[in-house]
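*Asks:*
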Amino acid sequence: MEEDKGLAKTLVLTDNERRVLSSIINLGGTAWVEDLSSATGLPQSTVMSVLELLKSKGLVKEESIYREEYRATPQGLKALGEGFPEEKLIKLLLQHNGELEVRRARELLGEETSIAIGEARKRGAVAIQGGVIRLLKAPLEAIGEEKELLRAISEGKEPPGGREGLIESLRRRGLVEKRMRRRTRVTAVMPLAKKVLEESVTAVARLTGEDIVSGRWRTLVLKDYNVEAEPPLLFPGERHFLIRFIDLVRRIMFEMGFTEVRGPIVVEEFWNFDALFQAQDHPSREIHDTFWVQHEPGGIRAPPEVIERTRRVHETGGDSGSRGWGGSWDPRVAARLILRTQTTSVTVRALADRPMVPFRIFTVGKVYRPDAIDARHLPEFYQLDGIMSEPGMDFSRLLGMLKEFFNRLGFEKVRFKPAYFPFTEPSVEGYVWMEGKGWVEVFGAGMFRPEILEIAGVEENVGAWGIGLDRIAMKFLEVEDIRLLYTRNVNQARELSTRLRRLEHRLLGERR
Amino acid sequence: MPVVRFSRSRLEGLVGRPLGDEELGDMVFRVKGEVESLSDKQVELEVTSDRPDLLMPEGLARALRGLLGVEVGLPRLRVSGDTGIMLRVERVPSRPYIGVAVVYDYPLTGGVLEELIQFQEKLHVTVGRKRRKVAIGIHDLDKLPSPQLVYREARLDEKMTPLHTGRVMSIAETLSQTEQGREYGTISLRDDSLHPAIFSGGEIISLPPVINSDVTRLEPGTRNLLIDVTGTDREAVYKTLDLLTSTLAERRPAAIGRIKVELPTGEMEHHPLLERGTLEASVDYVNRSLGTSLTGEEAAERLERMRWEAHVDGGTIRATYPEYRLDILHPIDLVEDIAMAQGYDRLPLTPPREMLRPREDPLERLSREASELAAGMGFMEMHTFTLVPSWINEEYLPPRREPVRLVNPISAEMAQFRASMVPSLLLTLRESQGARLPLRIHEVGTVATVSQRGGVLEETLSLGMAVMDDSVSFEDIQAPVYALVRALGLRPSTEKRDHPGFIRGRSANLLVNSVLAGRVGEVSPAVLERLGIKYPVAVAELDLSKVLGFL
């Protein structure tokens, strides 16, 4: 068994092992490693590691050969560029009529002065008398020869023979250095290598379709993976947590039999205020509380009879039984464009389409108020508005519906408080009990005033409500800063998506 | 909603007995208010803007006495005989209406002066619409130079001594040199030359709606008050005077004094009018509105506790509401008062019984489908603000459209409504450069523009997709948006078109079934550099409102 296993092991060659081994044989059975790299097209580092594997399989032998090699030192390279120090000295002497004080030479040549004087004297080019250097002969022919040799060495060329003496003098001056260099030569173990090349199967990393179709998979050996290693980081494409929360709310509305409607964000004040019987001089219509849109004066996009009924209801109460607000109603004010401050602008429009009773209608969308941004306020946020009617519709049915909605959303305790909204009567503010926060105001509601029913042209009582969704979403997500709901940071959005998922599971778990 | 501070002992004195913290909180809750803070000395509470009568301790006490059953029905008003004061009203086009009245025996002791000024200021903001519609002046009656009052327009060179200045000035100087003059001086100024004024003898005692004169200044020793109310709406002016006088007169032994008024038409009136309204509603109407089953007597008893007077006649309730209630427009307002007296926690709750068939909005549905497809291709959904900076919005404005600009943006960062999803995507990518690349995101949202010709507003729902990586190509975004359109059973194609904000030669119109429905392209490095985005980005935009038309 042991032997079989060993044989099988030697018989398995990876694709790279096969390439390197056959290259060695093609190069005559012995090859330098650097030559193998060009022969196989593999980087030298890959060749080296493949050779290690081949060695371990006993298919190649390796020998290292050491050779002397010369290389130019940094000083050598400097001398090549600027000239040898003694050359610089002779140039100086020529400029000073063949004589220069040593002191002065030191100023000009710096730390190279001693070497320059020493070398020049050795060559018999200068002499020193009484602190003065005198030029004896120039130029220095020998320097040209040394320079040429140094250049050859610096360029990595093999120095010509018979110059060992000169090289040695360059080495002593520190212009070249001697190193031992290792070259590696590998030899295929014959005839085993050839036999293995012919008989072995190939081990592969990835199985391909071609391997399967051709049937080659039968002879392939698939390499083991490190299956415990960390894979690359991936992130799923996720739905946004706030949209998912809104969809949870929408689902509850659908379960309770509501029809969804949509409406524009940029609206005439008419739909946002006038059709809701909000007086034209009401403070919330002012520039501090409503975003105004720059535009040319235009008309009101509403049926003429709805506009006419609105005028009459505002001025005198019309046929609604109300006293109205008095004064005269200005259609130019109603035509001003704003960003809606409440999604009631959408539901009242749906009401003006006179849906068949019974009806339950809702909308979810952004509303806008010019509030400065902080942890609790944003200039744009989400609202859900609903309206409902049925034969015998009354306030108690409205309260019953709202209680049912919040119970389904997971808030068991709901509390109602008298309130004021210009378009509902009776009006109510709703609070739900949030663990750790106490009673939190979450909605405003009421029965549409008769003035609104008259404007819309509806006979039956209609209950209406608006719910701010952001604060409830914050509770669900356990987020203290409302700005996080609209983060532009993808990593933060991913974190909150995961949080919502976990909280949903926990809530469901609690309810089971 | 307005917030006011009262002396707790004065409030309790007016109610007639001490109130526990919890009891006070509950009672205020039942009249739509909310106690913000509470100590032995002070009550701070928020009240709704439809009940300005609760902005003064006398008014709140009047309501609480009713709810507690201490005193029910219409409040009894003490009105003394003629004051001997006479007001002649001339034609004042910029501010035609005035009402005047006297309140006797209302000493401004203790903190009463502060509460009175607070009442006046809150009324200015609420019913007064910042003094435009209604403004109030309160004077020390005993300092009045003459019982002969005139309300007329004054020339700007006429002289007065504005409150707290102690020196004689022209009206022009008063308007330009006092703080109130600068803030309210233009409201009722006519032709830059005439301003309404109230004269006593020959002296100006008030320059409504700006400032009073020092002559009749209120002081801690003041005992008798003259009140003037001026404005542009007759009803609002007269009802505010009713509200003020009837509320202050709740404090014993205060009494209201009437003033004879001659109108420009020559007609005579006696102010304050103290008009009480009447309403009729059937008991059935009350019960049908609320879902209750109250008897007529029970309903009337609830109204009496809300300080109405109510009689039941067969199935009909005939009710009179007090003069200080400015919010009663319709019998439904009577119904709400019954519900409040009953207590909302004691109203029945009727659970939903009807079975109705739900319906999802088709565009909302499509937006979810598209978003799921995008997420399925690895594009993380983001959801950001719809208000964006102008420069980037205008960079990606669709051809021949204008942006929706705000008149009053809160900051340059949120100056326009986005005209395209591209700005939102790029702003997100800028904040997400710490995320691992490649980064794929998408966002669905409303975009709005105005046509250059005709100014027609267009609002649609749009899907934006973006990919950011060390290097990206046109196909990196074209392929997924094609896949998304195909998955909806539609036919995508592109049409070469150079759009601003994109690399030349690398942007195109996106067509769905050969109809223009969006854009695809590689974002111009000039935009990326301006935003500080360090990696290439390709984006696609698809108009879902258009796509819906093909489904």
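In the order they appear, the protein sequences are chains A and B. Heads up: the first sequence begins at 1 in this note's numbering, then just goes up one per residue. Heads up: the second sequence begins at 513 in this note's numbering, then just goes up one per residue. Quick reminder that beta carbons are idealized off the backbone N, C-alpha and C, glycines included.
1) Give a yes or no on whether 9 Å exceeds the smallest Cβ distance from residue 499 (chain A) to chain B.
2) Measure the beta-carbon distance from residue 214 (chain A) to residue 12 (chain A) and round it to whole angstroms, keeping in mind my assumption that it falls under 8 Å.
3) Give the straight-line distance between the Cα atoms of residue 514 (chain A) and residue 428 (chain A), rounded to the nearest whole angstrom.
4) Any idea what DSSP makes of residue 443 (chain A), helix, strand or coil?
5) What would DSSP say about residue 9 (chain A), mapped onto helix, strand or coil?
6) Interface residues of chain B around residue 431 (chain A) at Cβ under 7 Å?
7) Tell me, which residues are paired with residue 674 (chain B) by DSSP?
8) Can you tell me whether DSSP reads residue 179 (chain A) as helix, strand or coil?
9) Verify the CB distance criterion: does residue 412 (chain A) have a CB-CB separation below 9 Å to chain B?
10) Do you know whose CA, among A:285, A:383, A:384, lies nearest residue 335 (chain A)'s CA?
11) Apart from the five residues on each side of it in sequence, which residues of its chain come closer than 6 Å, Cβ to Cβ, to residue 386 (chain A)?
12) Name the DSSP beta bridge partners of residue 1021 (chain B), please?
13) For residue 836 (chain B), return the contacting residues in chain A, with the cut-off set at a CB-CB distance below 7 Å.
14) So, at 7 Å on beta carbons, what are the nonlocal neighbours of residue 319 (chain A) in its own chain, with the 5 sequence-adjacent residues on each side left out?
15) Rounded to the nearest angstrom, what separates residue 309 (chain A) and residue 323 (chain A) at their Cα positions?
16) Name the chain B residues that come within less than 7 Å of residue 403 (chain A), Cβ to Cβ?
17) Which same chain residues, not among the five before or five after residue 571 (chain B), have their C-beta less than 6 Å away from its C-beta?
18) In three-state DSSP terms, what is residue 4 (chain A)?
19) Looking at the structure shown, is residue 505 (chain A) part of a helix, part of a strand, or coil, going by DSSP?
20) Can you tell me which of A:396, A:444, A:79 puts its alpha carbon nearest to the alpha carbon of residue 859 (chain B)?
21) Between residue 864 (chain B) and chain A, is the shortest Cβ-Cβ distance under 9 Å, so that the two count as touching?
22) Any Cβ of chain B within less than 9 Å of the Cβ of residue 231 (chain A)?
23) Measure the Cβ-Cβ separation of residue 241 (chain A) and residue 497 (chain A) and say whether it is below 9 Å.
24) In the DSSP assignment, the alpha helix (DSSP H) including residue 617 (chain B) goes from what residue to what residue?
25) Can you list the alpha helix (DSSP H) stretches of 4 or more residues lying completely in the segment 533–581 of chain B, in chain order?
26) Could you tell me whether the Cβ atoms of residue 709 (chain B) and residue 720 (chain B) are closer together than 9 Å?
27) Given this structure, state the Cα-to-Cα distance separating residue 194 (chain A) from residue 57 (chain A), to the nearest angstrom.
28) Check the Cβ-Cβ distances between residue 895 (chain B) and every residue of chain A, and say whether any is below 9 Å.
29) To the nearest angstrom, how far is it from the Cα of residue 48 (chain A) to the Cα of residue 978 (chain B)?
30) Would you identify the three-state DSSP class for residue 420 (chain A), choosing helix, strand or coil?
31) Excluding the 5 residues flanking residue 499 (chain A) on each side, which residues of the same chain have their C-beta closer than 8 Å to its C-beta?
32) Looking at the unbroken beta strand (DSSP E) that takes in residue 739 (chain B), where does it start and where does it end?
33) If I measure Cβ to Cβ from residue 521 (chain B) and keep anything under 7 Å in the same chain, skipping five residues before and after, which residues do I get?
34) Going by C-alpha distance, which of B:609, B:580, B:899, B:623 is nearest residue 925 (chain B)?
35) Run through the segment 841–915 of chain B for me and flag every whole alpha helix (DSSP H) of 4 or more residues, listed as ranges in chain order.
36) For residue 118 (chain A), which of helix, strand or coil comes out of DSSP?
*Replies:* From the atom records:
1) As a first step, residue 499 (chain A) must be located in the first sequence, where it is residue number 499. It does not: the Cβ of residue 499 (chain A) has no partner Cβ on chain B nearer than 9 Å.
2) Taking the first residue of the first sequence as position 1, residue 214 (chain A) is located at position 214. Taking the first residue of the first sequence as position 1, residue 12 (chain A) is located at position 12. Actually they do not touch by this definition, with Cβ atoms about 19 Å apart.
3) It is not possible to answer for residue 514 (chain A), since the shown part of chain A is limited to 1 through 512.
4) For the purposes of this step, residue 443 (chain A) is taken as the residue at position 443 of the first sequence. Reduced to three states, the DSSP call for residue 443 (chain A) is strand.
5) Taking the first sequence and counting its residues from 1, the one referred to as residue 9 (chain A) is at position 9. Low per-residue confidence applies at residue 9 (chain A): pLDDT is 47, beneath 50, and the placement is therefore not dependable enough to give any value.
6) As a working mapping, residue 431 (chain A) is identified with position 431 in the first sequence. Neighbours of residue 431 (chain A) on chain B: none; closest Cβ ~10 Å, over 7 Å.
7) Start at 1 with the first residue of the second sequence, and residue 674 (chain B) comes out as number 162. B:725.
8) Your numbering for residue 179 (chain A) matches position 179 in the first sequence. In this structure, residue 179 (chain A) counts as strand in the three-state DSSP scheme.
9) Here residue 412 (chain A) refers to the residue found at position 412 of the first sequence. Closer than 9 Å: no.
10) Taking the first sequence and counting its residues from 1, one reaches residue 335 (chain A) at position 335. Ranking A:285, A:383, A:384 by Cα distance to residue 335 (chain A) puts A:285 first.
11) Taking the first residue of the first sequence as 1, we reach residue 386 (chain A) at position 386. Excluding residues within five positions, the ones whose Cβ falls inside 6 Å are 362, 465.
12) Numbered from 1 along the second sequence, position 509 holds the residue referred to as residue 1021 (chain B). According to DSSP, which records beta bridges pairwise, residue 1021 (chain B) is partnered with B:1007, B:1031.
13) Mapped onto the second sequence, residue 836 (chain B) falls at position 324. Result: empty, since nearest Cβ-Cβ is about 16 Å, beyond 7 Å.
14) Taking the first residue of the first sequence as 1, we reach residue 319 (chain A) at position 319. Excluding sequence neighbours, residue 319 (chain A) sits near 454.
15) Here residue 309 (chain A) refers to the residue found at position 309 when the first sequence is read from its first residue. Here residue 323 (chain A) refers to the residue found at position 323 when the first sequence is read from its first residue. Roughly 14 Å between the two C-alpha positions.
16) Counted from its first residue, the first sequence places residue 403 (chain A) at position 403. Simply 861.
17) Numbered from 1 along the second sequence, position 59 holds the residue referred to as residue 571 (chain B). So the list reads 565, 759, once near-sequence residues are dropped.
18) Taking the first sequence and counting its residues from 1, one reaches residue 4 (chain A) at position 4. Legend: pLDDT at residue 4 (chain A) = 41, less than 50; position of this residue unreliable, value from coordinates given subsequently. The answer is helix: DSSP assigns residue 4 (chain A) an H, G or I state.
19) Position 505 of the first sequence holds residue 505 (chain A). In this structure, residue 505 (chain A) counts as helix in the three-state DSSP scheme.
20) Indexing the second sequence from 1 puts residue 859 (chain B) at position 347. Among A:396, A:444, A:79, the Cα nearest to that of residue 859 (chain B) belongs to A:396.
21) The residue you call residue 864 (chain B) lines up with position 352 of the second sequence. By this cut-off, residue 864 (chain B) is an interface position.
22) Stepping through the first sequence from its first residue, residue 231 (chain A) is reached at position 231. With 9 Å as the cut-off, residue 231 (chain A) does not count as an interface residue toward chain B.
23) Position 241 of the first sequence, counting from 1, holds the residue named residue 241 (chain A). Position 497 of the first sequence, counting from 1, holds the residue named residue 497 (chain A). The answer is yes: Cβ separation under 9 Å.
24) What you label residue 617 (chain B) is simply residue 105 of the second sequence in a count that begins at 1. Segment: none, residue 617 (chain B) is in no alpha helix (DSSP H) and carries neither H nor E.
25) 533–542, 569–580
26) Position 197 of the second sequence, counted from the first residue, corresponds to residue 709 (chain B). Position 208 of the second sequence, counted from the first residue, corresponds to residue 720 (chain B). Yes, they are a contact pair.
27) As a first step, residue 194 (chain A) is located in the first sequence; it is residue number 194 there, counting from the start. As a first step, residue 57 (chain A) is located in the first sequence; it is residue number 57 there, counting from the start. Cα to Cα, the separation comes out at about 13 Å.
28) In the second sequence, counting from the first residue as 1, residue 895 (chain B) sits at position 383. True, the Cβ-Cβ gap to chain A drops below 9 Å.
29) Mapped onto the first sequence, residue 48 (chain A) falls at position 48. Mapped onto the second sequence, residue 978 (chain B) falls at position 466. Spanning the two alpha carbons is a distance of roughly 44 Å.
30) On the first sequence, position 420 is the one that residue 420 (chain A) refers to. In this structure, residue 420 (chain A) counts as coil in the three-state DSSP scheme.
31) Taking the first sequence and counting its residues from 1, one reaches residue 499 (chain A) at position 499. Here the set comprises 241, 477, 478.
32) As a position in the second sequence, residue 739 (chain B) is number 227, starting the count at 1. Counting along the chain, the beta strand (DSSP E) containing residue 739 (chain B) begins and ends at 737–743.
33) Residue mapping note: residue 521 (chain B) aligns to position 9 of the second sequence, counting from 1. Closer than 7 Å at Cβ, skipping near neighbours: no residue.
34) As a working note, residue 925 (chain B) is residue 413 in the second sequence. Comparing Cα positions, the closest option is B:899.
35) 843–854, 874–888, 902–907
36) Position 118 of the first sequence, counted from the start, is the residue given in the question as residue 118 (chain A). DSSP places residue 118 (chain A) in helix when its eight states are reduced to three.
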